[in-house]
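Chemist: Residue numbers (the numbering used here): 1 to 278.
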Amino acid sequence: MKIIKFLLLSSLLALLSFSAWIYYPQYQINKIKQEHAPNTEKTNKLTYIDYYRTSSESTINHLALGDSIIRGYRIPDEENIISQFSSQLGVETGKQVLSQNEGVIGITSERLNVLVQDGVYDEAIKEADIITVNVGGNDILKLVKKSDIYSALKSFDSLQEVFSQNLAEITSRIQELNPSATIVLLELYNPMPADHQFYSLADKLLPQWNLMIYEAANNTSSSIVVQTTNVINSKNLEYLASDGVHPNLSGNTAISSQMLKQFQQQQKADAVLANREN
Numbered sequence: 001m002k003i004i005k006f007l008l009l010s011s012l013l014a015l016l017s018f019s020a021w022i023y024y025p026q027y028q029i030n031k032i033k034q035e036h037a038p039n040t041e042k043t044n045k046l047t048y049i050d051y052y053r054t055s056s057e058s059t060i061n062h063l064a065l066g067d068s069i070i071r072g073y074r075i076p077d078e079e080n081i082i083s084q085f086s087s088q089l090g091v092e093t094g095k096q097v098l099s100q101n102e103g104v105i106g107i108t109s110e111r112l113n114v115l116v117q118d119g120v121y122d123e124a125i126k127e128a129d130i131i132t133v134n135v136g137g138n139d140i141l142k143l144v145k146k147s148d149i150y151s152a153l154k155s156f157d158s159l160q161e162v163f164s165q166n167l168a169e170i171t172s173r174i175q176e177l178n179p180s181a182t183i184v185l186l187e188l189y190n191p192m193p194a195d196h197q198f199y200s201l202a203d204k205l206l207p208q209w210n211l212m213i214y215e216a217a218n219n220t221s222s223s224i225v226v227q228t229t230n231v232i233n234s235k236n237l238e239y240l241a242s243d244g245v246h247p248n249l250s251g252n253t254a255i256s257s258q259m260l261k262q263f264q265q266q267q268k269a270d271a272v273l274a275n276r277e278n
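#1: What is the DSSP secondary structure of Asn218, reduced to helix, strand or coil?
#2: So Leu63 and Gln100 are in contact, right, with Cβ under 8 Å, and what is the actual spacing, rounded?
#3: Look at the alpha carbon of Leu159 and the alpha carbon of Leu237, and state the distance between them as a whole number of angstroms.
#4: Across which residues does DSSP place Asn61 in a beta bridge pair?
#5: Hey, how far is the Cα of Asp50 from the Cα of Val144?
#6: Are at least three pairs of beta-carbons, each pair with one atom in the segment 83-101 and one in the segment 155-171, less than 8 Å apart?
#7: So who's on the other strand from Pro247, going by DSSP bridges?
#8: Please report the straight-line C-alpha distance between Tyr150 and Ile140, rounded to a whole angstrom.
#9: Any idea what DSSP makes of Gln267, helix, strand or coil?
#10: Does DSSP put Ile131 in a helix, in a strand, or in coil?
#11: Measure the alpha-carbon distance for Gln267 versus Thr220 and round it to whole angstroms.
#12: Count the other CB atoms within 10 Å of the CB of Val135; is the residue buried (16 or more) or exposed (fewer)?
#13: Using the beta-carbon count (16 or more within 10 Å), is Pro191 buried or exposed?
#14: Below 8 Å, can you find three or more Cβ-Cβ pairs linking the segment 194-210 to the segment 166-176?
#15: Between the C-alpha atoms of Trp21 and Ala217, what's the straight-line distance to the nearest angstrom?
#16: Tell me which residues share the same chain as Phe163 and place their Cβ nearer than 6 Å to its Cβ, disregarding the 5 neighbours each side in the sequence.
#17: I'd like the ranges of any beta strand (DSSP E) spanning at least 3 consecutive residues and lying wholly in the segment 67-124.
#18: Which word fits Phe263, buried or exposed, when buried means at least 16 other C-beta atoms lie within 10 angstroms of its C-beta?
#19: Per DSSP, which one or two residues make a beta bridge with Ser155?
#20: Please report the straight-line C-alpha distance between Glu277 and Thr228, rounded to a whole angstrom.
#21: So, with DSSP's three-state summary, where would you put Ser164?
#22: What number of angstroms, rounded off, separates the C-alpha of Ser222 from the C-alpha of Ala128?
#23: Under the assumption that Asn248 contacts Asn80 (Cβ atoms under 8 Å), give the Cβ distance between them as a whole number of angstroms.
#24: What are the residues that DSSP puts in a beta bridge with Thr47?
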């Protein structure tokens with residue numbers, strides 16, 4: 001009888017631990033989103049759009065670092081996410097927005113971190129008002145290509161740790177060089193259709209990865225995490241290119257519109273306003 005009770009208790013604890021491992025990341029993400037949700041009450045805080053619109057500077061410099069999502073995969077330069085958003089931002093603020101796209105197709109978080117730490121982008125970072133970073137997708141793709149899906153799952157936790165460290169070091173270096181810049185990070189999205197055999201698993205693992213992005217953003221003085229998963233998901237597969245992974249032209253437009261929407265709604269941190277005024 002004691003053995004049966006022990007087995008039942010062990011099974012219950014294992015189930016609770018697994019449930020926490022699966023659902024806690026999404027709970028944390030929702031909590032962070034709520035903290036940064038638009039405030040409907042009257043406030044003297046400025047939205048990001050209002051901040052840049054009322055800035056004394058006539059030009060806004062937008063630097064973008066990262067992978068093919070930043071560069072635009074088989075997308076004309078003037079139609080990628082960065083170009084479209086910069087154009088929309090210029091219209092909204094009445095300012096000239098100069099964008100510098102340093103996206104590299106296939107780059108991993110480790111490689112981008114090396115470039116950032118080596119000072120390759122130092123001058124551009126110092127001059128930027130907005131710095132958009134997207135990286136991490138190739139970390140996962142590289143692992144999956146090297147092994148089968150089950151072996152990849154066994155390495156998922158260690159892969160997350162490496163990615164988290166790389167992203168933290170990237171954002172920390174950016175803050176060190178330019179504490180007044182707004183850092184924009186993008187959620188990783190699940191491009192699989194709902195009937196894919198690994199869709200459910202990927203959908204459960206995705207919040208764990210995205211939580212690290214939100215945590216990195218929370219450790220900066222001024223940041224936005226673009227809610228890409230609201231735009232590209234199993235209900236909006238028409239936004240994906242023929243490879244089933246990258247956003248197509250419509251997908252680039254949808255993500256840039258989501259970026260602009262959050263700039264219009266989210267409020268810029270007071271600490272960064274103080275930094276800019278000093």
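A virtual CB, placed ideally from N, CA and C, is assigned to each residue, including glycine.
Modeler: Taking the coordinates as given:
#1: Secondary structure of Asn218 (DSSP, three-state): helix.
#2: A Cβ-Cβ separation of about 5 Å places Leu63 in contact with Gln100 under the 8 Å criterion.
#3: If I take the Cα positions, the gap works out to 27 Å.
#4: For Asn61, which the question treats as bridged, DSSP gives the partners Leu98.
#5: Straight across, the Cα-Cα distance linking Asp50 with Val144 is about 43 Å.
#6: Not touching, per the Cβ criterion.
#7: Pro247 is bridged to Leu240.
#8: Those two C-alpha atoms are separated by around 13 Å.
#9: Here Gln267 sits in strand by DSSP.
#10: Note: Ile131 maps to strand in three-state DSSP.
#11: The alpha-carbon atoms of Gln267 and Thr220 are separated by roughly 14 Å.
#12: Buried is the call here.
#13: Classification for Pro191: buried.
#14: No, the segment 194-210 does not touch the segment 166-176.
#15: A caution first: Trp21 carries a pLDDT of 48, below 50, which makes its placement in the model unreliable, though a value can still be read off. Answer to the nearest angstrom: the Cα atoms are 21 Å apart.
#16: So the list reads Ser109, Gly136, Asp139, once near-sequence residues are dropped.
#17: List check, beta strand (DSSP E) in window: 96-103.
#18: The residue is buried, with at least 16 neighbouring Cβ atoms inside 10 Å.
#19: Paired residues: none, contrary to the question.
#20: Caution is warranted here: a pLDDT of 45 is assigned to Glu277, below 50, making its placement in the model unreliable, and the coordinate value is therefore given only provisionally. Put simply, the backbone Cα of Glu277 is about 32 Å away from that of Thr228.
#21: Three-state DSSP puts Ser164 in a helix.
#22: So the alpha carbons of these two residues sit roughly 13 Å apart.
#23: Contact check for Asn248 and Asn80: beta-carbon distance about 11 Å, past the 8 Å limit, so the pair fails to qualify.
#24: In DSSP, Thr47 forms a bridge with Gln267.
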